[in-house]
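Asks: Below are the structure tokens for one structure; questions will follow.
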Amino acid sequence: EAGVTQFPSHSVIEKGQTVTLRCDPISGHDNLYWYRRVMGKEIKFLLHFVKESKQDESGMPNNRFLAERTGGTYSTLKVQPAELEDSGVYFCASTEFWATNQPQHFGDGTRLSIL
Amino acid sequence: QKEVEQDPGPLSVPEGAIVSLNCTYSNSAFQYFMWYRQYSRKGPELLMYTYSSGNKEDGRFTAQVDKSSKYISLFIRDSQPSDSATYLCAMSADLGAQKLVFGQGTRLTINP
Chain A
190 EAGVTQFPSH SVIEKGQTVT LRCDPISGHD NLYWYRRVMG KEIKFLLHFV
240 KESKQDESGM PNNRFLAERT GGTYSTLKVQ PAELEDSGVY FCASTEFWAT
290 NQPQHFGDGT RLSIL
Chain B
11 QKEVEQDPGP LSVPEGAIVS LNCTYSNSAF QYFMWYRQYS RKGPELLMYT
61 YSSGNKEDGR FTAQVDKSSK YISLFIRDSQ PSDSATYLCA MSADLGAQKL
111 VFGQGTRLTI NP
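Respectively, the protein sequence lines represent chains A and B. With our numbering, the residue at position 42 of the first sequence is 231, and numbering never jumps. With our numbering, the residue at position 24 of the second sequence is 34, and numbering never jumps.
Right under this line is the structure:
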């Protein structure tokens, strides 16, 4: 079974540009999470999808971040326009829908560098 | 104040030593407690999870939770150089359907 897949693995863009990150969860997993780790800080929650619906987006930092999950399969996270403080590693995780006894499985992350 | 506190280290011990990693937390709603291991340029990999208070053992790894003290621990016995990684504690009120709250992670090096 394939794990959570994220790409690109690394993205370097200039301030003001737009970047789109993609996450493919484990097949059949309806819960999809985005997290972010900025340098020197802990991994922090961004948002949670259940299928195509946003269940919790309390961690999204501002309206420059737009997450979508059309069709309830893969998800994208767009940053527009990117700012220096958006640099960090963005992780995606997934679980099955009835996941009260299953931990979250993480992808290897996208390392985002804003110059 | 952070919801989860974890000493970032770094922690360096000789091969074969017993390693103790710890986290404290403030939110009494947390019911599930996880330890993830993260190698450089990789995602967090689940080591163990525990529900509520108690101990759980898996090979050389033992997880302990003391909810009365809001304190969790991970012990590694007979540590190996391959155990060198960053260890992250994480917690949630629900295991699979709610957000995880992470500690900062402890960077561990096992010296041959």
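We put the beta carbon where it would ideally sit given N, CA and C, even for glycine.
Who are the near neighbours of G217/A in its chain, counting only those whose CB is closer than 7 Å to its CB and skipping five residues on each side?
Replies: Position 28 of the first sequence, counted from the start, is the residue given in the question as residue 217/A. Hits under 7 Å: E285.
Asks: Check the Cβ-Cβ distances between F254/A and every residue of chain B, and say whether any is below 8 Å.
Replies: In the first sequence, counting from the first residue as 1, residue 254/A sits at position 65. F254/A does not count as touching chain B.
Asks: Check the Cβ-Cβ distances between Y59/B and every residue of chain A, and say whether any is below 8 Å.
Replies: Working through the second sequence from its first residue, we reach residue 59/B at position 49. Yes, contact with chain A.
Asks: Does the beta carbon of P197/A sit closer than 8 Å to a beta carbon anywhere in chain B?
Replies: Here residue 197/A refers to the residue found at position 8 of the first sequence. It does not; no Cβ of chain B falls within 8 Å.
Asks: Helix or strand or just coil, what does DSSP make of S92/B?
Replies: Sequence index remark: in the second sequence, residue 92/B carries index 82 (1-based). Helix at S92/B.
Asks: Nearest chain B C-beta to Y263/A closer than 8 Å, yes or no?
Replies: Sequence index remark: in the first sequence, residue 263/A carries index 74 (1-based). Closer than 8 Å: no.
Asks: What residue does the beta strand (DSSP E) around P54/B start on, and which one ends it?
Replies: As a working note, residue 54/B is residue 44 in the second sequence. Where P54/B is concerned, there is no enclosing beta strand (DSSP E), given that its DSSP letter is neither H nor E.
Asks: Using DSSP bridges, identify the partner residues of S305/A.
Replies: Residue 305/A lies beyond the residue range present for chain A, which begins at 190 and ends at 304; the question has no answer from this structure.
Asks: Am I right that T207/A and P250/A are in contact with their C-beta atoms under 8 Å? What's the rounded C-beta distance?
Replies: Counting from one through the first sequence, the residue named residue 207/A turns up at place 18. Counting from one through the first sequence, the residue named residue 250/A turns up at place 61. The pair is not a contact, with the Cβ atoms about 16 Å apart (cut-off 8 Å).
Asks: For P18/B and G115/B, which I take to be in contact (beta-carbon distance under 8 Å), what is that distance rounded to the nearest angstrom?
Replies: Translated into positions along the second sequence, residue 18/B becomes position 8. Translated into positions along the second sequence, residue 115/B becomes position 105. Indeed, because the Cβ distance is near 6 Å, the residues count as touching under 8 Å.
Asks: Shorter than 8 Å from the beta carbon of F238/A to some beta carbon of chain B?
Replies: To locate residue 238/A, count along the first sequence from 1; it is residue 49. So no, F238/A is outside the interface.
Asks: Under 8 Å between beta-carbons, which chain B residues line up against D297/A? List them in chain order, please.
Replies: Residue mapping note: residue 297/A aligns to position 108 of the first sequence, counting from 1. Within chain B, the residues near D297/A are R51, K52 and G53.
Asks: Are any of the Cβ atoms in chain A nearer than 8 Å to that of K80/B?
Replies: Translated into positions along the second sequence, residue 80/B becomes position 70. Output row for K80/B: interface = no.
Asks: Using 8 Å for Cβ pairs, my map puts A27/B next to A103/B. What's the rounded Cβ distance?
Replies: The count along the second sequence starts at 1 and reaches residue 27/B at position 17. The count along the second sequence starts at 1 and reaches residue 103/B at position 93. About 34 Å; that fails the 8 Å criterion.
Asks: Could you check which residue in K267/A, Q293/A, G296/A and F280/A has the C-alpha nearest to that of G205/A?
Replies: Here residue 205/A corresponds to residue number 16 of the first sequence, with the count starting at 1. Out of K267/A, Q293/A, G296/A and F280/A, K267/A has the C-alpha closest to the C-alpha of G205/A.
Asks: For H199/A, which residues of its own chain have a beta-carbon under 6 Å away from its beta-carbon, when the five flanking residues on both sides are left out?
Replies: Working through the first sequence from its first residue, we reach residue 199/A at position 10. Cβ neighbours of H199/A beyond the five flanking positions: R300.
Asks: Just list the residues that DSSP pairs Q74/B with in beta bridges.
Replies: Taking the second sequence and counting its residues from 1, the one referred to as residue 74/B is at position 64. DSSP, once it has assigned bridges, lists N65/B and S83/B as partnering Q74/B.
Asks: Nearest-angstrom Cα distance between T119/B and G260/A?
Replies: Here residue 119/B corresponds to residue number 109 of the second sequence, with the count starting at 1. Here residue 260/A corresponds to residue number 71 of the first sequence, with the count starting at 1. Whole-angstrom Cα-Cα distance: 43 Å.
Asks: Would you say Y279/A faces chain B, with C-beta separation under 8 Å as the test?
Replies: Counting from one through the first sequence, the residue named residue 279/A turns up at place 90. No, Y279/A lies away from the interface with chain B (no Cβ there is under 8 Å from its Cβ).
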